[in-house]
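A.B. asks:
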Amino acid sequence: MNNRVGSSEQHRRGEALAPFWAIMQADLRSLFRSKITYGWLLAAFLLVLVTTLGSRLHGTTSSAVSSGLSDFIYIWSLVIIGLTASSVSSEAGELADSIMSKSVTRLDYVLGKFASRIAYTLICFFGVAAVLVGLALRLETSDYNSLGLFSAILVIALTMVMLTTMGVGLSVAMPSTVMAIVTLLVLWYAMTIFFPVIGLDLLSPGNLLSYVQDIIKGEWTWGNWETVIGFAAISIASTTLSSAYFYMKDI
Amino acid sequence: MGQRIIETENLTKIFGEKLIAVNNVNFAVEKGAIFGFLGPNGAGKTTTIRLLLGLIRPTAGEVRVFGEKMTPSSSNLRRRMGYLPTNPRFPPRMTPIQYLDFVGKLFRLGRAERVERLSALIRSVGLLGDSSREIAGFSTGMLTRLGLAAALMNDPELLIFDEPTSGLDPSGRKSTLELIAELGKEKTIFVSSHILTDIDRICTDVGVISEGKGIFAGSIKEMKKSTRSRVVRLELDGDVQKFCELLKAVKWVVGYTTRGDFGVDITIDPSMPMADAVREVTNLVTSQKLDLISISSSTSNIEDAFMDLLRHEQSRGFLRAT
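Sequences listed follow chains A and B, in order. Following the working numbering, the numbering of the first sequence begins with 1 at its first residue and continues without gaps. Following the working numbering, the numbering of the second sequence begins with 1 at its first residue and continues without gaps.
Here is the structure:
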């Protein structure tokens with residue numbers, strides 16, 4: 001009897017989450033079918049290969065991994081900006097017609113979008129990071145700490161999640177895709193380059209890179225915790241505020 | 001009075017504190033009705049539909065669907081509704097099968113039910129041959145048919161069609177109207193249009209909106225009766241001038257106007273029954289050996305009834321302004 005009650009409860013919960021899963025799956029499928037994804041991953045793998053092989057005579061694991069991870073902050077962030085800042089605004093035309101007029105709540109839609117774009121960014125990031133670490137461990141002089149290496153990758157993953165949530169958040173709030181992309185570009189490069197100049201270095205992805213090599217070697221400081229907390233807070237704030245805005249706005 | 005499926009109460013929507021798109025609109029749609037929502041372009045029809053679906057929030061007033069207040073969170077109400085927008089847009093990279101499966105998931109249908117319904121619908125809207133093609137290359141007619149299939153995916157009790165015949169060729173338009181009439185035997189239907197003959201052909205009830213204001217709601221018969229203008233409209237082959245001279249001598253003819261070389265509109269005295277007037281007019285035509293091309297009473301024409309309502313509303317607006 002209890003089993004049956006539990007199973008019907010599970011079924012109801014599964015049914016309630018069906019629109020969220022459907023939106024997330026459809027979005028992920030379309031992202032992974034996109035030529036931009038193929039191009040991005042191909043270019044990222046090639047860059048990892050070239051830079052790791054190029055530095056193998058005089059490089060170390062920590063410098064190779066750190067250099068590979070910095071590509072995400074300075075180069076691949078452009079792809080993430082383009083793909084996340086267009087996530088909702090580019091669908092404006094078909095949104096009401098083909099999705100929101102069905103049995104979908106605002107939160108199903110916007111959280112489905114956040115989840116799919118975060119999953120996409122992380123899958124691509126961890127894919128490239130795995131190749132990077134694999135090559136660096138084989139080819140470079142070993143100077144890493146396993147926990148430190150793992151922590152460094154997770155911190156950059158968190159940075160990418162922050163960028164993704166900012167992108168989707170702006171895409172919800174801005175009236176056009178171009179405006180969302182430009183705003184995010186300005187914000188991202190301001191955070192990366194100018195935040196350290198005005199004393200906000202703890203919230204600067206660019207500043208974080210100067211510590212990544214130390215983190216890989218196993219040095220973790222309180223300042224790193226502050227950065228992690230800051231990035232997590234920005235991610236949560238972006239998601240919460242833009243979801244609340246989407247809940248209120250007319251479609 | 002039957003069960004009310006849709007009911008609006010003082011429904012108002014103002015965009016940006018500037019544009020009053022819907023202004024204090026009241027109407028009700030009863031179960032089993034095919035309700036035509038008429039209005040010129042820009043009158044507020046689509047805004048009203050978006051309010052009915054909970055896509056936008058009213059500035060004032062409210063919408064009740066199935067007896068419950070509609071809000072953006074009312075996914076439980078939308079689960080019982082189907083919606084076909086004007087020129088529907090879909091995810092371009094999906095195929096019809098993928099899109100209908102996606103819609104089925106949005107409606108929380110199980111896998112078996114989704115497969116069964118989407119196969120039946122794809123066949124019935126005639127998209128079987130294109131079911132594996134990407135939607136991006138579809139024509140307007142194909143998109144409308146896909147939209148129709150998506151609107152029916154959840155087997156809804158209430159269907160909302162926004163200008164369903166817009167952009168369709170005559171045969172597509174005819175088959176869409178026939179399909180709506182067929183669906184109307186089982187479901188409640190709300191259909192907006194500015195094409196009056198479409199509404200006249202399929203609807204049982206009608207609401208008229210002009211510049212955001214509801215100016216009529218009731219049955220089509222009531223609408224025609226309330227605006228009848230007692231005019232008999234003729235098209236004749238022969239000496240129309242001589243015929244008009246004769247009309248001057250008829251006591252129940254209040255006046256007449258000619259339209260082009262062969263059209264005459266005769267205004268009938270209110271004391272004369274319309275049926276008798278039509279009979280007398282045809283007798284007069286026969287006696288003059290004229291060939292009758294067509295005859296109609298403007299009371300039977302929804303276009304005239306609609307135009308009368310708009311004119312009446314405009315003159316009321318003018319009087320209010322002065």
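For glycine and all other residues, C-beta sits at the position ideal for the given N, C-alpha and C.
1. In the structure shown, what three-state DSSP assignment does V197(A) receive?
2. When the Cα atoms are used, what is the spatial distance from I251(A) to K224(B)?
3. For M259(A), go through chain B and note every residue whose CB falls closer than 9 angstroms to its CB, in chain order.
4. Reducing DSSP to helix, strand and coil, say where A233(A) ends up.
5. Distance check for V22(B) and W252(B), CA to CA, integer angstroms please.
6. List, in order along the chain, the chain A residues whose C-beta lies closer than 7 angstroms to that of S75(B)?
7. Tell me the start and end of each unbroken alpha helix (DSSP H) in the segment 269–314 of chain B that is at least 4 residues and wholly inside, in chain order.
8. Can you check the segment 112–177 of chain B for any alpha helix (DSSP H) of at least 4 residues that lies completely inside it and give the ranges in chain order?
9. Return the bridge partner residues of E7(B) from the DSSP annotation.
10. In three-state DSSP terms, what is F332(B)?
11. If you measure beta-carbon to beta-carbon, which residues of the segment 242–268 of chain B are closer than 9 angstroms to chain A?
12. Does the beta-carbon of W188(A) have 16 or more other beta-carbons within 10 angstroms, so that it is buried, or is it exposed?
13. Tell me which residue opens and which closes the beta strand (DSSP E) that K217(B) is part of.
14. Examine chain B for any beta-carbon lying closer than 8 angstroms to the beta-carbon of D143(A), and answer yes or no.
15. Pull up the distance between the alpha-carbon of E211(B) and that of A43(B), whole angstroms please.
16. Checking 8 angstroms against the spacing of the C-beta atoms, do G82(B) and P156(B) come in under that value?
17. Which residues in chain A sit within 8 angstroms of R93(B), going by Cβ to Cβ distance?
18. On a CA-only basis, which of L109(B), P170(B), K174(B) and T165(B) is nearest V191(B)? Give me that one, please.
19. As an exercise, report each continuous beta strand (DSSP E) stretch of at least 3 residues that is fully enclosed by the segment 115–152 of chain A, in chain order.
20. The segment 85–116 of chain B: which residues have C-beta closer than 7 angstroms to a C-beta of chain A, in chain order?
21. Within 8 angstroms (strictly less), CB to CB, does L51(B) reach chain C?
22. Taking the beta strand (DSSP E) that E352(B) falls in, what are its first and last residues?
23. Tell me where the alpha helix (DSSP H) around S63(A) begins and ends.
24. Which partner residues does K69(B) have in the DSSP bridge list?
25. When you compare the CB of L19(A) with every CB in chain B, is at least one pair closer than 8 angstroms?
26. Is the Cβ of I251(A) closer than 8 angstroms to any Cβ of chain B?
27. Give me the chain B residues within the contact set of E15(A), using Cβ-Cβ distance strictly less than 8 angstroms, ordered along the chain.
28. If we define contact as Cβ-Cβ less than 8 angstroms, is S171(A) a contact residue for chain B?
29. For a cutoff of 8 angstroms on Cβ pairs, would you count D71(A) as touching chain B?
C.D. replies: Working from what's here:
1. For the purposes of this step, residue 197(A) is taken as residue 197 along the first sequence, with counting starting at 1. Residue state, collapsed to three classes: coil.
2. Position 251 of the first sequence, counted from the first residue, corresponds to residue 251(A). Position 224 of the second sequence, counted from the first residue, corresponds to residue 224(B). Answer to the nearest angstrom: the Cα atoms are 36 angstroms apart.
3. No statement about residue 259(A) is possible, as the shown extent of chain A runs from 1 to 251 and does not include it.
4. For this step, residue 233(A) is matched to residue 233 along the first sequence. A233(A) falls in the helix class under three-state DSSP.
5. Looking up residue 252(B) in the second sequence gives position 252. Looking up residue 22(B) in the second sequence gives position 22. Between W252(B) and V22(B), the C-alpha separation is close to 43 angstroms.
6. Translated into positions along the second sequence, residue 75(B) becomes position 75. Result: S103, V104 and T105.
7. 274–287
8. 140–152
9. In the second sequence, the residue the question calls residue 7(B) occupies position 7. DSSP, once it has assigned bridges, lists A28(B) and R64(B) as partnering E7(B).
10. The question about residue 332(B) has no answer here: the residues shown for chain B are numbered 1 through 322.
11. none
12. Here residue 188(A) is taken as the residue at index 188 of the first sequence, counted from 1. Per the 10 Å Cβ criterion, buried.
13. Translated into the one-based positions of the second sequence, residue 217(B) becomes position 217. At residue 217(B) the sequence reads Ala, which differs from the Lys that was named. Where A217(B) is concerned, the enclosing beta strand (DSSP E) stretches over K213 to S219.
14. As a position in the first sequence, residue 143(A) is number 143, starting the count at 1. False, the Cβ-Cβ gap to chain B never drops below 8 angstroms.
15. Translated into positions along the second sequence, residue 211(B) becomes position 211. Translated into positions along the second sequence, residue 43(B) becomes position 43. Answer to the nearest angstrom: the Cα atoms are 5 angstroms apart.
16. Working through the second sequence from its first residue, we reach residue 82(B) at position 82. Working through the second sequence from its first residue, we reach residue 156(B) at position 156. Yes.
17. Counting from 1 along the second sequence, the entry for residue 93(B) is found at position 93. Going along chain A in sequence order, the residues near R93(B) (Cβ under 8 angstroms) are S30 and R33.
18. Numbered from its first residue, the second sequence carries residue 191(B) at position 191. Looking at the Cα atoms, T165(B) is the closest of the given residues.
19. none
20. P85, P88, R89, F90, P91, R93, F102, V103, K105, L106, F107 and R108
21. In the displayed structure, chain C is absent; the protein chains listed are A and B.
22. The structure shown does not extend to residue 352(B), since chain B is modelled only from 1 through 322, so no value can be given for it.
23. Counting from 1 along the first sequence, the entry for residue 63(A) is found at position 63. Taken as a continuous stretch (DSSP letters only), the alpha helix (DSSP H) holding S63(A) covers T61 to D71.
24. Within the second sequence, numbered from 1, the residue matching residue 69(B) stands at position 69. Answer is R64(B), bridged to K69(B).
25. Taking the first sequence and counting its residues from 1, one reaches residue 19(A) at position 19. Inspection of the sequence shows that residue 19(A) is occupied by Pro rather than by Leu. Yes, its Cβ sits closer than 8 angstroms to a Cβ of chain B.
26. As a first step, residue 251(A) must be located in the first sequence, where it is residue number 251. So, interface residue.
27. Walking along the first sequence from the start, residue 15(A) turns up at place 15. Within chain B, the residues near E15(A) are R108.
28. The residue labelled residue 171(A) in the question sits at position 171 within the first sequence. Not closer than 8 angstroms to any Cβ of chain B, the Cβ of S171(A) fails to qualify, so no.
29. Looking up residue 71(A) in the first sequence gives position 71. False, the Cβ-Cβ gap to chain B never drops below 8 angstroms.
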